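K.L.:
Dropping a structure here in structure tokens format, bear with me for questions.
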Amino acid sequence: MKIYLTALIKAKPGNESELKEYLLELSAASNREEACLQYELHFDEAQHQFIFHETWANQAGLDQHNQEPHIKKFVEKGGPLMDGPVIIYKTEKLT
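Position in the sequence shown counted from 1, then plus 197, gives you my numbering.
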């Protein structure tokens, strides 16, 4: 069963560009994962917020994603640039 996620990542003011670079690396690496069906990065300038729209083939693939080195690197390098924790919505596709 497919897994749909939306992740919200708010940048500390002035850190948008640096955080964006880490998120672009994360997106490229995640899109290469076998279970990744979609991993799109968007940006809301007014809110200083990055938004990921993700689709995973199954829960096992998402679980594997969360153990990947590029996730751990992002937490280490990108975490200090964020204004609060990542907010993740796991949703059910209706249409």
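Using N, Cα and C, we set each Cβ at its ideal position, and we do this for glycine too.
A quick note: this is a predicted structure, and the numbers were derived from the prediction, not measured.
Identify, in the order they occur along the chain, each residue of the same chain with its Cβ nearer than 8 Å to the Cβ of Gln-235, setting aside the five sequence neighbours on each side.
P.N.:
Counting from 1 along the sequence shown, the entry for residue 235 is found at position 38. Answer for Gln-235: His-250, Glu-251, Thr-252, listed in chain order.
K.L.:
With distances taken Cα to Cα, identify the nearest neighbour of Lys-207 among Tyr-286, Gly-281, Leu-291, Thr-288.
P.N.:
As a first step, residue 207 is located in the sequence shown; it is residue number 10 there, counting from the start. Checking every option, the nearest Cα to that of Lys-207 belongs to Gly-281.
K.L.:
Figure out for me which residue from Glu-242, Tyr-286, Glu-222, His-245 has the closest Cα to the Cα of Pro-266.
P.N.:
In the sequence shown, the residue the question calls residue 266 occupies position 69. Looking at the Cα atoms, Glu-222 is the closest of the given residues.
K.L.:
Quick one, are the C-beta atoms of Leu-205 and Ile-248 less than 8 Å apart?
P.N.:
If you number the sequence shown from 1, residue 205 lands on position 8. If you number the sequence shown from 1, residue 248 lands on position 51. Yes; because the gap between Cβ atoms is below 8 Å, this pair is in contact.
K.L.:
Under 7 Å Cβ to Cβ from Glu-215, same chain only, skipping five residues before and after it: list those, please.
P.N.:
On the sequence shown, position 18 is the one that residue 215 refers to. If we look at Glu-215 and ignore the five residues flanking it on each side, its Cβ neighbours are Leu-278.
K.L.:
Determine the extent of the beta strand (DSSP E) in which Leu-205 is found, giving its start and end residues.
P.N.:
Within the sequence shown, numbered from 1, the residue matching residue 205 stands at position 8. Segment 200-207, the beta strand (DSSP E) holding Leu-205.
K.L.:
Among Glu-218, Glu-231, Asn-255, which one has its Cα closest to the Cα of Lys-274?
P.N.:
Taking the sequence shown and counting its residues from 1, the one referred to as residue 274 is at position 77. Lys-274 has its Cα closest to that of Glu-218, out of Glu-218, Glu-231, Asn-255.
K.L.:
Given a cut-off of 8 Å, decide if His-262 and Glu-213 are closer than it, judged by their beta-carbon atoms.
P.N.:
Along the sequence shown, read from residue 1 onward, the residue named residue 213 stands at position 16. Along the sequence shown, read from residue 1 onward, the residue named residue 262 stands at position 65. In this structure, His-262 does not lie closer than 8 Å to Glu-213 by Cβ.
K.L.:
Scan the region 205-273 and note each continuous beta strand (DSSP E) run of 3 residues or more that stays entirely inside, going in chain order.
P.N.:
Listed in chain order, they are 233-241, 246-253.
K.L.:
If you measure between the beta carbons of Ala-243 and Lys-199, is that distance less than 8 Å?
P.N.:
For the purposes of this step, residue 243 is identified with residue 46 of the sequence shown, where counting begins at 1. For the purposes of this step, residue 199 is identified with residue 2 of the sequence shown, where counting begins at 1. No.
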